[in-house]
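Visitor: Chains as they are written, first to last, in my numbering: chain A, 1470 to 1692; chain B, 16 to 353; chain C, 7 to 564; chain D, 465 to 562.
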Ligand code: HEA
Ligand code: HEA
Ligand code: CUA
Ligand SMILES: [Cu+2]
């Protein structure tokens, strides 16, 4: 085993045989982490499905208070960021340093755009007082919605904030990861030979995108 | 199975013997399995003890036949246990057609009982033997669990809805009533007695005590006090549907679905009117969530129930054997208008 | 003590090994060596075991008399809650994987470390962070919801530190996830050449199955507890009936994790038992594939049965039936294991050393605990048994009688490898016996109490039931014996680190790669990269041509 | 390295498909299909997610193990939701006349 280290890549950890094995380990590790993420969001999705089944009317009414344009824009923004992320990985795979840097920057930018739009959505809700809390039902009625549905709408909004809040938190972490990645990548650290960190971070980013792909119809488009 | 074995609670309901039978069957079955394994292990341990420090026994190839035997045999055994357990469960939890209906509310840390005739008690529950008793249960705060070991019956009382359970006592006596779901500081103090009495003694008990309003009559007063009658009029001219004949009928909802108007439905209609909207009516009934205690809701429910001609399933018919049991006579319910 | 060793021509203790290659706090607190991390975990979980045990001793004393006279009801409730929380989340879930698993899995598969050593160390820090948060919750008033955190008591009515405790458990959950993640990736990618799946020791299979549960289940309890904390903070939330929420939904989410979690606890210990049974009888394990796959089957089916905790919760009786039949299905793989272990004993060469005594204890007590699980899974019977001491007895038989015994057996068995020293055999056997006796005295009476109707989580119980008090007194007496039994190994393990006889590389003449390196192993685990050409539990290796620079059975490092 | 490199062209194609599907799902939600609305919305979401997983996340070209991992994740989610529904959807059954 000692001969291994002579020509070993700088990034190869001592307990791996070669970079290929190391890459395999980190991708598998990330996938397994994403499994836990699925189940983490899954708890909320379960609650959502149950309550939506039993409080359908209220859910629909509350869903209509969400801004479809902003939500739709965010969907586009996030899918676009997934594209740039995929292209960043491509850049690393093919050794196109400029492309890597540019795409990472775009990904961060799009991620931030998403968060800014989300911020406006949230602040609108705060402005109307349509946020979970004891004042919700009055504000709901004040805003001219069907009072009979106030309670169920409240539940919807609660779940809406929980789901999108958790998702936004993941976005913030994602933007952080991408920034670190960009910093590390600045002088050609990632090569066609070694780019597992880019790839693995990409998996995370796409996962966050997928969560939104489900959130969008489930929250904005129900009727 | 009417024997009292050591380490068993008294058998005082129709279920007790059946539950004990399954229990004893399992004791014997699993006892012999455990014993067989233990004996085998002791024998092997003695017979095949290490005799010299370096001895290495010959390996034995595992046999598929043997593996399958000890996979399939336990499978058959557990399927049998499952069937037995499940059929018992069905009996325990399927409410009977005809029963004496009592109302129970749990509240940190006491049990409150309301009898149809208006008798109320705390931490005691008087019942006749030889009659099926159905409990409709609600809680004002956290989850509690109604547990009478001598009856082998237990059911959680869950906030936000009614749960029900039933039993039929077979022996007069005082039996312990426990709260089995942890509910806070005095969970272990939330205990009481179920007093099972001969039917005639039960009658005496019912008519004893200070004369009280019947449950339905109390509900009727509430119905007026909370101004329900401003919308629900018996002649159907109110803003809401008339409630006469509602209980036990099938209601058509706005969504087109049909639901049976049972206690749970009535409770929901009062506390969360929008959950199930009656077809043809506007959604203008206010919610009474937080304005009524569960006990009061139960009184309203009892009142609305009394507005229906009873099929065989209600208090009155149940009271047949003990006619004084239910003075809540629907006929006298005057139109709820003025 | 007999120390029959065949392979000891070389100096038993290598001059440099993982314990002495570096000294000082930093070399431990910043270590990336899986073996040292295992020891760090050993220290953490042992402390928590004694904390949980101390609570148990105190509330057992309270239960000696029917009235509440020793402590107040609030204190009692906090004590059993913290006993449950500490024992489950801070002791039993990490104990075998994080201590023995961490130490052994890389050794057993012939790897130099786990796949992600930094994550491994991080998981220990996360564990301790969660532990500190929980300890903070304890010293600032404790928590009284029961380890199950049922709503709405936990969200609305309890006025104790639910949120802080929840945060502690939430954090610790991530350490569990990271351990599981690390093991799965390690087992997939770092097996030595020739170490095929069906040559893996069953300990590794059991940990693989455990890890599956950890990664798929833990996030769900994390979100459930997070939702409770949010609901408590916002005073409104998704389990709140006032919003049309359903408290029983919390129970679904909680048990979706917490039932599989009981298999997180028991599977690793079952892995230990497979090793002990094979190695202490020097017999190739009977039905290797059946035991291996039964672990996976338990992990998978374990996820389908959570509703058996909700039979009386107003869950639909049809769902109850589904969960009941699936609960019975998951009992079958456990049965397969018990039968195969027993068959392995047949015509073996059985040693009576301490690890084997614990293995016997495990098999016997796990069987009783498991079989009483069949009582609880029977729908109609559980209506009577639910939330009584019968349940308490059931799970202590498995968790204390089974899992803790398995863990202690494993600790004795691998102690020479971990510390390089032998423990005193006579004391080992004695304490195993004390624990066995104390255990049964503590928990057998609780089955009887349970069937007679004694509810659990009761601070006081009716005076008019003299027999109840008799049984409770027996139980308390047993618990004291049990406590002494646990203290003895504590003492002699520590003693042996200095004074114990020096251990040979393979004191038990066991198979497994971990025995083919020195005791204690070097930091990189093996002097040579192992190449595996034999099956697990091959006690009569055929001579194989060995290429230079590889390890063969019975070999010693040069 | 043995890894498969997806071309820029396919990435863009997948992106275009995702965009189209986003529009479709919004439009579909405007049409009243009754309960089918949910089914359609979910089907499109699943389809979109599959595209992302297969191409952006390279699962189509990954090892069997990765593929199994992905499937297991969604399967477990279905188990959790499905068995929970087995309770909620059958609670009322008992109230049918016996
Ligand atoms: C490590 C922990 C562990 C393990 C492994 C198990 C294993 C099992 N458990 Fe247990 N259980 C708990 C820990 C555990 N449990 C805890 C902590 C609680 C209470 C939680 C709380 O409320 O606080 C609980 C509660 C609990 C309940 C709910 C009781 C109630 O609250 O009403 C039920 C009901 O079905 C149950 C069933 C089972 C079954 C069927 C098994 C099976 O897996 C057992 C399988 C094993 C065997 C069957 C024995 C070996 C087999 C043979 C010897 C062969 C012969 C076999 C046959 C003929 C089948 N358990
Ligand atoms: C991993 C799990 C685990 C372990 C190892 C144990 C170990 C023990 N448990 Fe535990 N128990 C649980 C998990 C566990 N328990 C859970 C999950 C619950 C449910 C909680 C709930 O309802 O929410 C429970 C509940 C529970 C109850 C029911 C309480 C109630 O419902 O009111 C009882 C009652 O006897 C009990 C007893 C014991 C005893 C005597 C031990 C003994 O084995 C402990 C032996 C250990 C020692 C005795 C320590 C030795 C140390 C010393 C002697 C030093 C002492 C030091 C000082 C006093 C400073 N436990
Ligand atoms: Cu009420 Cu416990
Ligand atoms: Cu369980």
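Even glycine gets a Cβ: it sits at the ideal position worked out from N, Cα and C.
1) Hey, is residue 229 of chain C's beta-carbon within less than 8 angstroms of any beta-carbon in chain E?
2) Spatial neighbours of residue 87 of chain C within its chain, please: CB distance less than 8 angstroms, with the 5 preceding and 5 following residues excluded, ordered by chain position.
3) Comparing alpha-carbon positions, which option in D:511, D:507, D:521, D:490 lies nearest residue 1673 of chain A?
4) Return yes when the C-beta of residue 5 of chain C is under 7 angstroms from any heavy atom of ligand 2, and no when it is not.
5) Quick one: what's got a C-beta closer than 7 angstroms to residue 17 of chain C's C-beta in the same chain, skipping five residues either side?
6) Are there any heavy atoms of ligand 4 lying less than 7 angstroms away from the beta-carbon of residue 398 of chain C, as far as the coordinates show?
7) Could you name the residues of the segment 1474-1501 of chain A whose beta carbon sits closer than 9 angstroms to any beta carbon of chain D, in the order they occur along the chain?
8) Using a strict less-than 6 angstroms threshold between each residue's beta carbon and the heavy atoms of ligand 3, what residues do you get?
9) What does the alpha-carbon distance come out to for the pair residue 38 of chain C and residue 25 of chain C?
10) Using 7 angstroms as the cut-off, classify the Cβ of residue 460 of chain C as near or not near the heavy atoms of ligand 2, replying yes or no.
11) Sort out for me which residues DSSP pairs residue 171 of chain B with in a bridge.
12) Any heavy atom of ligand 1 inside 7 angstroms of the beta-carbon of residue 390 of chain C?
13) Taking beta-carbon pairs under 8 angstroms, can you tell me which members of the segment 171-204 of chain B lie near chain C?
14) Which stretch, first to last residue, makes up the beta strand (DSSP E) that contains residue 150 of chain B?
15) How about residue 174 of chain C and residue 227 of chain C: are their beta carbons less than 8 angstroms apart?
16) Quick one, which residues of the segment 539-559 of chain D are near chain C if we go by CB-CB under 7 angstroms, in chain order?
17) If distances are taken between C-alpha atoms only, which option among C:247, C:114, C:104 comes closest to residue 179 of chain C?
18) Please work out which residues of its chain come closer than 6 angstroms, Cβ to Cβ, to residue 327 of chain B, disregarding the five sequence neighbours upstream and downstream, and give them in chain order.
19) Can residue 402 of chain C be considered in contact with ligand 4, in the sense that its beta carbon sits closer than 7 angstroms to one or more heavy atoms?
20) Taking Cβ positions only, does residue 1509 of chain A come closer than 8 angstroms to chain C?
21) Do the CB positions of residue 1636 of chain A and residue 1680 of chain A come within less than 8 angstroms of each other?
22) Would you report the Cα separation of residue 490 of chain D and residue 308 of chain C, rounded to the nearest angstrom?
23) Please report how far the alpha carbon of residue 74 of chain C lies from the alpha carbon of residue 206 of chain B, in whole angstroms.
24) From the beta carbon of residue 1563 of chain A, is the nearest beta carbon of chain D less than 8 angstroms away?
25) Keeping to the same chain, check which residues put their C-beta closer than 7 angstroms to that of residue 1434 of chain A; ignore five residues upstream and five downstream.
26) Quick one: which chain C residues come within Cβ less than 8 angstroms of residue 1603 of chain A?
27) Classify residue 1595 of chain A: buried if its beta carbon has 16 or more other beta carbons within 10 angstroms, exposed otherwise.
28) Could you run through the segment 97-111 of chain B and flag, in chain order, every residue whose CB is less than 8 angstroms away from some CB of chain A?
29) Counting only Cβ pairs nearer than 8 angstroms, list the residues of chain C close to residue 34 of chain B.
30) Helix, strand or coil for residue 142 of chain B, going by three-state DSSP, please let me know.
31) Kindly say whether residue 326 of chain C, judged by its beta-carbon, lies nearer than 8 angstroms to any beta-carbon of chain B.
32) Mapping DSSP to helix, strand and coil, what is residue 31 of chain C?
33) Tell me whether residue 89 of chain C, by its Cβ, gets closer than 7 angstroms to a heavy atom of ligand 2.
34) Please return the same chain residues whose Cβ sits closer than 7 angstroms to the Cβ of residue 1669 of chain A, not counting the five positions on each side in sequence.
35) Report the rounded CA-to-CA distance for residue 526 of chain D versus residue 229 of chain C, giving the unit in angstroms.
36) Let's see if you can read the secondary structure: which residues bound the alpha helix (DSSP H) around residue 503 of chain C?
Guide: In brief:
1) Chain labels in this structure do not include chain E; the protein chains are A, B, C and D.
2) Reading the third chain from its first residue, position 81 is the one you call residue 87 of chain C. Answer for residue 87 of chain C: 148, 149, 150, 151, 152, 153, listed in chain order.
3) The residue given as residue 1673 of chain A occupies position 204 in the first chain. Closest by alpha carbon: D:521.
4) Residue 5 of chain C is absent from the structure shown; chain C starts at 7 and stops at 564.
5) Residue 17 of chain C sits at position 11 when you count from the first residue of the third chain. With a pLDDT of 45 at residue 17 of chain C, under the threshold of 50, the modelled position of this residue cannot be trusted, and the question is left open.
6) Mapped onto the third chain, residue 398 of chain C falls at position 392. It does not: the Cβ of residue 398 of chain C is nowhere closer than 7 angstroms to a heavy atom of ligand 4.
7) Of all residues in the segment 1474-1501 of chain A, the ones placed with a Cβ closer than 9 angstroms to any Cβ belonging to chain D are 1488, 1489, 1492, 1493, 1496, 1497, 1500, 1501, in chain order.
8) Result (chain order): B:121, B:124, B:159, B:194, B:196, B:197, B:198, B:202, B:205.
9) Translated into positions along the third chain, residue 38 of chain C becomes position 32. Translated into positions along the third chain, residue 25 of chain C becomes position 19. The alpha-carbon atoms of residue 38 of chain C and residue 25 of chain C are separated by roughly 13 angstroms.
10) Numbered from 1 along the third chain, position 454 holds the residue referred to as residue 460 of chain C. Relative to the non-hydrogen atoms of ligand 2, the Cβ of residue 460 of chain C never comes closer than 7 angstroms to any of them.
11) In the second chain, the residue the question calls residue 171 of chain B occupies position 156. Bridge partners of residue 171 of chain B according to DSSP: B:160.
12) As a working note, residue 390 of chain C is residue 384 in the third chain. Because no heavy atom of ligand 1 lies under 7 angstroms away, the Cβ of residue 390 of chain C does not count as near it: no.
13) Correct list: 171, 173, 174, 175, 176, 178, 191, 193, 194, 195, 196, 197, 198, 199, 200, 201, 202, 203, 204.
14) Counted from its first residue, the second chain places residue 150 of chain B at position 135. Residue 150 of chain B -> beta strand (DSSP E) spans 147-154.
15) Position 168 of the third chain, counting from 1, holds the residue named residue 174 of chain C. Position 221 of the third chain, counting from 1, holds the residue named residue 227 of chain C. In this structure, residue 227 of chain C does not lie closer than 8 angstroms to residue 174 of chain C by Cβ.
16) Against chain C - using a Cβ distance shorter than 7 angstroms - the residues of the segment 539-559 of chain D are 540, 543, 544, 547, 548, 550, 551, 554, 555, 557, 558.
17) In the third chain, the residue the question calls residue 179 of chain C occupies position 173. Nearest to residue 179 of chain C by alpha-carbon distance, out of C:247, C:114, C:104, is C:104.
18) One-based indexing of the second chain puts residue 327 of chain B at position 312. Confidence is the limiting factor: at residue 327 of chain B the pLDDT is only 41, short of 50, which leaves the residue's position unreliable and the question unanswerable from this model.
19) Taking the first residue of the third chain as position 1, residue 402 of chain C is located at position 396. The answer is no for residue 402 of chain C.
20) Residue mapping note: residue 1509 of chain A aligns to position 40 of the first chain, counting from 1. At least one chain C Cβ lies under 8 angstroms of residue 1509 of chain A.
21) Counting from one through the first chain, the residue named residue 1636 of chain A turns up at place 167. Counting from one through the first chain, the residue named residue 1680 of chain A turns up at place 211. At a Cβ-Cβ threshold of 8 angstroms, residue 1636 of chain A and residue 1680 of chain A count as neighbours.
22) Position 26 of the fourth chain, counted from the first residue, corresponds to residue 490 of chain D. Position 302 of the third chain, counted from the first residue, corresponds to residue 308 of chain C. Each residue's Cα considered, the two are about 40 angstroms apart.
23) Indexing the third chain from 1 puts residue 74 of chain C at position 68. Indexing the second chain from 1 puts residue 206 of chain B at position 191. Rounded to whole angstroms, residue 74 of chain C to residue 206 of chain B spans 15 angstroms at the Cα level.
24) For the purposes of this step, residue 1563 of chain A is taken as residue 94 along the first chain, with counting starting at 1. At least one CB atom of chain D sits nearer than 8 angstroms to the CB of residue 1563 of chain A.
25) The structure shown does not extend to residue 1434 of chain A, since chain A spans only 1470 to 1692, so no value can be given for it.
26) Here residue 1603 of chain A corresponds to residue number 134 of the first chain, with the count starting at 1. Here the neighbours are 241, 242.
27) The residue you call residue 1595 of chain A lines up with position 126 of the first chain. Residue 1595 of chain A comes out exposed.
28) Under the 8 angstroms Cβ criterion, the segment 97-111 of chain B contributes no residue.
29) Counting from one through the second chain, the residue named residue 34 of chain B turns up at place 19. Chain C residues near residue 34 of chain B: 386, 387, 389, 390.
30) In the second chain, the residue the question calls residue 142 of chain B occupies position 127. The three-state reading of DSSP puts residue 142 of chain B in strand, counting E and B together.
31) As a position in the third chain, residue 326 of chain C is number 320, starting the count at 1. Answer yes: the Cβ-Cβ gap between residue 326 of chain C and chain B drops below 8 angstroms somewhere.
32) Counting from one through the third chain, the residue named residue 31 of chain C turns up at place 25. Correct three-state label for residue 31 of chain C: helix.
33) Sequence index remark: in the third chain, residue 89 of chain C carries index 83 (1-based). It does: the Cβ of residue 89 of chain C is within 7 angstroms (strictly closer) of some heavy atom of ligand 2.
34) Taking the first chain and counting its residues from 1, the one referred to as residue 1669 of chain A is at position 200. Hits under 7 angstroms: 1495, 1496, 1499.
35) What you label residue 526 of chain D is simply residue 62 of the fourth chain in a count that begins at 1. What you label residue 229 of chain C is simply residue 223 of the third chain in a count that begins at 1. Our two residues, residue 526 of chain D and residue 229 of chain C, have alpha carbons roughly 30 angstroms apart in a direct line.
36) Reading the third chain from its first residue, position 497 is the one you call residue 503 of chain C. That run of the alpha helix (DSSP H) goes 472-505.
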